[in-house]
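A.B. asks: Per our numbering, the very first residue in the sequence shown carries number -4; after that it's consecutive. Please see the structure below; I have some questions.
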Amino acid sequence: MPGQVTAVSRNEGYSFSKTNRHTSRLLTGLGVEEDVHAGETIRHQFRMTYEPDLPNLRQVHLMHEELFDELALKGLRLSAGQLGENITTRGVDLLGLPTGALLHLGEQAVLEVTGLRNPCSKINDFR
-4 MPGQVTAVSR NEGYSFSKTN RHTSRLLTGL GVEEDVHAGE TIRHQFRMTY
46 EPDLPNLRQV HLMHEELFDE LALKGLRLSA GQLGENITTR GVDLLGLPTG
96 ALLHLGEQAV LEVTGLRNPC SKINDFR
């Protein structure tokens, strides 16, 4: 089975989880249209306070749906968008992609991998 996008999510305001949408539009050099984290410079609340002019290397958050399967086996039920990701995939080895890899989504979208997402302290407050 080829890799696929199983959900797209975004929020206009800051919150830990993102709302699932029917569609999402990626903007070159900015991220997900109408998402609070879209922009050329850092948009993450904590980092904006001390590094506001640095480039935004986290414009689009990706997560593999297989993680939710693993967590369900441990009794934790999660669904797409709840951990703040914009794009949820299945059948894509996101953790195996090196920095600089180009990930093609659909016919037009190409994302450059800039690194792994660091879990933030808000995940402890989530559940």
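C-beta atoms are modelled at their ideal positions from N, C-alpha and C, and glycine is treated no differently.
#1: How about Ser19 and Val27: do their beta carbons lie closer than 7 Å?
#2: Can you list, in chain order, the residues of its chain with a C-beta nearer than 8 Å to that of Ala96? Leave out the 5 residues immediately preceding and following it.
#3: For Glu65, I'd like the list of residues in its chain whose CB is within less than 8 Å of its CB, leaving aside the five on either flank, ordered along the chain.
#4: Taking all protein chains shown into account, do 16 or more other C-beta atoms lie within 10 angstroms of the C-beta of Gln54, making it buried, or fewer, making it exposed?
#5: Is the distance from the Cβ of Gly86 to the Cβ of Gly24 below 7 Å?
#6: For a quick check, are the C-beta atoms of Thr83 and Ala33 less than 7 Å apart?
#7: Helix, strand or coil for Ile82? Go by DSSP, reduced to three states.
#8: Comparing alpha-carbon positions, which option in Leu98, Ser12 and Gly70 lies nearest Gln77?
C.D. replies: Based on what the coordinates show:
#1: yes
#2: Glu107 and Val108
#3: none
#4: buried
#5: no
#6: no
#7: strand
#8: Ser12
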